[in-house]
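Protein chains in written order, with our numbering: chain Y, 4 to 234; chain Z, -1 to 549. Ideal Cβ placement from N, Cα and C applies to all residues, glycine included. Contents: one structure, followed by commentary.
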Amino acid sequence: MHSGGGGVSVSAGGHGHARLQHHFDDLEQQREASTLGMWVFLCTEILFFGGLFTTYVVYRQRFHGVFAQASRDLNVVWGGTNTAVLICSSLTMALAIWSAQINRRKLVVLFLLITMAFGLTFLGIKTVEYKEKFDHHLVPGPHFHYVCPPGEPCHPEQAEVFFSLYFSMTGLHALHMIVGVGLLSYLLVPSWQGRYTSDWHNPLECIGLYWHFVDIVWIFLFPLLYLIGAH
Amino acid sequence: MNSSDTTSAELALDRPSYLHDGYGWKSWLLTKDHKRIAILYLISITVFFALGGIFAMLIRLELLTPEGDLVQAATYNRLFTMHGVIMVFLFLVPSIPATLGNFLVPLMIGAKDLAFPRINLLSWYIYVLAGIFILWALIHGGVDTGWTFYTPFSTHYSNGYVVSTALGVFIAGFSSILTGLNFVVTIHRMRAPGMTWFRLPLFIWSHYATSLIMILGTPVIAVTLMMVAVERALNLGLFDPRLGGDPILFQHLFWFYSHPAVYIMVLPGMGVISELIAAFTRKRVFGYTVVAFSSIGIAVLGFLVWGHHLFVTGESVYAATVFSLLSMLVAVPSAIKVFNWTATLYEGSVSYETPMLYALGFIGLFTIGGLTGVMIATLGIDLHLHDTYFIIAHFHYVMVGGTIMAYMGGLHYWWPKMTGKLYPVFASRLSALLIFVGFNLTFFPQFILGYLGMPRRYWEYPPEFQVWNVLSTAGASVLGVGYLLPLCYFLYSLFYGKQAGANPWGAKGLEWATTSPPPTYNFDYPVVVDEEAYEYAPDARAVARQEAHSA
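Okay, structure coming up:
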């Protein structure tokens, strides 16, 4: 890690490092800039999902009972499995960065591959779930058909709002997962070539931040969508 | 204009200017130089400004007579929608930040480039892609929802190309997010040694505040328009009242961005005006620190006022009262700026160069726009004026009288820096005058029309309103000429203009310390800052008066 605090930083990879872009003074400045850039981008992402979360909160207040009722149609086992998968993937992502910090390039590649495998597992399970909803006519639109549980208040149209939110929120999240897997695959070749070392592994760190962010979004989505009916 | 280019002669080393560092189309379309990207933006923005202007002219021509004769209602709806969408999202939002900001932010803080040059280029390509989406919709018949895309009309009933246009705006949003992100990181991490926060030009402060809004506001409209698009295209029910969905929720989400977006449009303009006032009074802007923080204040308060667009939607009276008060609060930091600019003029060596004419015009017009904003933030008055031409006049005073005046002023001020050429003085002063007169003639009658009760977005109106509409249309013609003139003489100056020299205005600021046009990496020497912003030599008369006082 760099120790270039304050003033002039003459860190291990100062001027003339191969990874230093022309418009930065030194690697420390370059590292700080891209990390800050990633954090700022994640702020944007929070607000981006925020619009959907706000919509969810408004309708959850308004259609309190029906949301809990419709939530029972989601498969908690699949959802729970996916939560576990993503938490594990966050761990392997962190391990990939750690491997770069101790200069173990093969380990970096290995952990990246495991992270990608977890990501793809998540997407696979998500596909199975979507297919299930499709088969049960729970995809909003002309073919939407919600069967109310007997003996409970019946508002299929409100359930349709729930499933609309379910598909837009998990869909947007899945889109972020796909982008994430793409970004990880982009890291593979340079990792294999040993470009990410204790000196400099900034792309790894930034994409790692993104990956953790996408995981955290799911950590919020899972209880909001799957667990509200389970009491 | 006195061109003191002793420094420029010294600086003219062997390095070519950014304009001569490569010539082929690749050297432009694949450039990572913030200055070239600024030029790319300048060209594309001008194209969309012209397009939006054509729609404005058609609107004004239709409103020349009370009857719907030039176009019918359906066409008219498309005209004002396309005018709004193009002007807001493809011109006003990117105008100053993406052109002047892109060009000047690194120069003013003594950096070689923005922090992420590739992302900067990407933002331009995203902008172009957004433009293509919107043009595609336009060519296929346009959209008739108004630039606000209100549901459920936009999601279920509109007969236009809503999805393509909404996606265009969605995409344009990412271009502006990336620009904002780049500015924030650059301003934090790329300042030259000695360039402390309180030595930054006020242009930088206002761009920092703008970037905050871009980063935090734009994603919300992006996701909101995405919801409109999926509701329309994929039948999801997010705002659909038939399912119990809430169209008013859309308005909340829309204005959560679109009100702060007003400050995205006007804050950079305020930054430009601060620079112009300092340069042409030869004084430090009065109350520098307060003006700097007022930008941040506007950005923060701007996020808390969106509800004033919903006064007539059945919003709770308590919410409405709070929104009304908060909206009036925005007037405080705005007024701080106006008063401090005016105070800067006091005992300054004021010179009336073209950019200064625009700056003075801005102060007057923005004041009218701002004060009428306080009027319509008042609950009772807003009920009377809501959706009338008073609103149209109000926001055009802020957007056109404010932002475009500042944009034009900024272009005239930095054109010699960007191109190395001087433009004709007389023609440029004439254009400033024409724009000021034409603008007022166009929009002042609209205040009266609105107060009398003429609603916005109608293609015909009762005959008693005609006289004001004729005045307005006449003004629009003058305004049109006023905008065409600079296009002509700027192009002329590229070929026949005199060489500008490094600092034609004798202004302070790092951008004037390098050559015009600057070399690719901006400075041929390591930049170290050892003085405050706008440190002009004190005016002789002011010093004399000061001494007389203390004697």
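Proximal chain Y residues relative to residue i, where beta-carbon distance stays under 7 Å
i: Z/A113; result: A36 and G40
i: Z/H186; result: L39
i: Z/V183; result: A36, L39, G40 and V43
Short Cβ contact (8 Å threshold) for residue i with residue j
i: Z/G140; j: Z/T79; result: yes
i: Z/P64; j: Z/Y411; result: no
i: Z/G235; j: Y/E163; result: yes
i: Z/G300; j: Z/I390; result: no
i: Z/F278; j: Z/M354; result: yes
i: Z/G407; j: Z/L508; result: no
i: Z/S121; j: Z/I43; result: no
i: Z/I374; j: Z/V328; result: no
i: Z/A505; j: Z/L198; result: no
i: Y/Y59; j: Y/M172; result: yes
i: Z/G346; j: Z/K419; result: no
i: Z/V218; j: Y/G197; result: no
i: Z/F321; j: Z/V303; result: yes
i: Z/V160; j: Z/F168; result: no
i: Z/I361; j: Z/W339; result: yes
i: Z/S204; j: Z/S293; result: yes
i: Z/G242; j: Y/E155; result: no
Spatially closest choice to residue i from the options, by CA coordinates
i: Z/Y523; options: Z/P150, Z/A109, Z/A48 and Z/A220; result: Z/A109
i: Z/L383; options: Z/R454, Z/F337, Z/K335 and Z/M416; result: Z/R454
i: Z/M55; options: Z/W503, Z/L358, Z/V303 and Z/G82; result: Z/G82
i: Z/M224; options: Y/L175, Y/A120 and Y/C157; result: Y/L175
i: Z/L179; options: Y/R22, Y/I222, Y/Y199 and Y/F44; result: Y/F44
i: Z/I137; options: Z/R76, Z/Y148 and Z/M452; result: Z/R76
i: Z/D31; options: Z/S548, Z/N520 and Z/A542; result: Z/N520
i: Z/H18; options: Z/G243, Z/M326, Z/E529 and Z/T518; result: Z/T518
i: Y/M41; options: Z/I169, Z/T386, Z/Y490 and Z/I117; result: Z/I117
i: Z/Y489; options: Z/M268, Z/L409, Z/L265 and Z/G267; result: The question names Tyr, but residue 489 of chain Z is Leu in the sequence shown. Ranking the options by Cα distance to Z/L489, first place goes to Z/L409.
i: Z/Y421; options: Z/N438, Z/Y487 and Z/G478; result: Z/Y487
i: Z/A357; options: Z/H394, Z/K335 and Z/G378; result: Z/K335
i: Z/L450; options: Z/P191, Z/E229, Z/T440 and Z/Q464; result: Z/Q464
i: Z/G436; options: Z/P414, Z/T401, Z/M452 and Z/L477; result: Z/L477
i: Z/G399; options: Z/G359, Z/F424, Z/L381 and Z/A276; result: Z/G359
i: Y/I210; options: Y/L39, Y/L30, Y/L23 and Y/T130; result: Y/L39
i: Y/F66; options: Y/H148, Y/F166, Y/K136 and Y/F27; result: Y/F166
i: Y/H26; options: Z/W134, Z/M188, Z/V527 and Z/V126; result: Z/M188
Residues sharing a beta bridge with residue i, DSSP
i: Z/T386; result: Z/P453
i: Z/Q497; result: Z/K419
i: Z/P517; result: Z/S15
Cβ neighbours of residue i in the same chain (closer than 7 Å, five flanking residues each side left out)
i: Y/F125; result: N85, V88, L89 and M180
i: Z/R58; result: S470, T471 and A474
i: Y/F225; result: G82 and T86
i: Y/G9; result: Caution is warranted here: a pLDDT of 34 is assigned to Y/G9, below 50, making its placement in the model unreliable, and no coordinate value can be reported.
i: Y/I117; result: T95
i: Y/G232; result: A71, Q72, S74 and R75
i: Y/L110; result: S102
beta-carbon residue i near the ligand ADP non-hydrogen atom, thresh 7 Å
i: Z/L133; result: What this structure holds is no ligand at all, so the ligand ADP is not there to describe.
Interface partners of residue i on chain Z, CB under 7 Å
i: Y/E163; result: G235 and L241
i: Y/L178; result: Per Cβ cutoff of 7 Å: no residues; Y/L178 is ~10 Å from chain Z at best.
Proximal chain Z residues relative to residue i, where beta-carbon distance stays under 9 Å
i: Y/G68; result: Under the 9 Å cutoff, chain Z gives no residues; its nearest Cβ is about 13 Å from Y/G68.
i: Y/H204; result: Within chain Z, no residue comes near Y/H204; the closest Cβ sits about 18 Å away, beyond 9 Å.
Chain-ordered chain Z contacts of residue i [CB-CB under 8 Å]
i: Y/T47; result: I175, L179, I213, L214, T216 and P217
i: Y/Q32; result: R187 and M188
i: Y/S188; result: Near Y/S188 there are no residues of chain Z at all, since even the closest Cβ is about 19 Å away, more than 8 Å.
Neighbourhood of residue i by C-beta distance below 8 Å, restricted to the same chain and skipping five residues each side
i: Z/A7; result: Any reading at Z/A7 must be qualified, since the residue scores a pLDDT of 44, below 50, and its modelled position is unreliable; no value is offered.
i: Z/G66; result: E60, Y74, W457 and E458
i: Y/I128; result: W81, T84, N85 and V88
i: Z/T5; result: Bear in mind that a pLDDT of 47 at Z/T5, under 50, signals an unreliable position, so the model cannot answer this.
Same chain, Cβ closer than 6 Å to residue i, neighbours up to 5 away in sequence not counted
i: Y/Y229; result: L77, V79 and G82
i: Z/Y206; result: I185
i: Z/S209; result: G178, F181 and V182
i: Y/W214; result: M96 and G183
i: Z/V550; result: Since the first residue of chain Z shown is -1 and the last is 549, residue 550 of chain Z is not available in this structure.
i: Y/D138; result: none
Contacts that residue i makes with chain Y (C-beta to C-beta distance below 8 Å)
i: Z/T222; result: G54
i: Z/L165; result: Under the 8 Å cutoff, chain Y gives no residues; its nearest Cβ is about 14 Å from Z/L165.
i: Z/M225; result: G54, L55, T58 and S171
i: Z/L251; result: G54, T57 and T58
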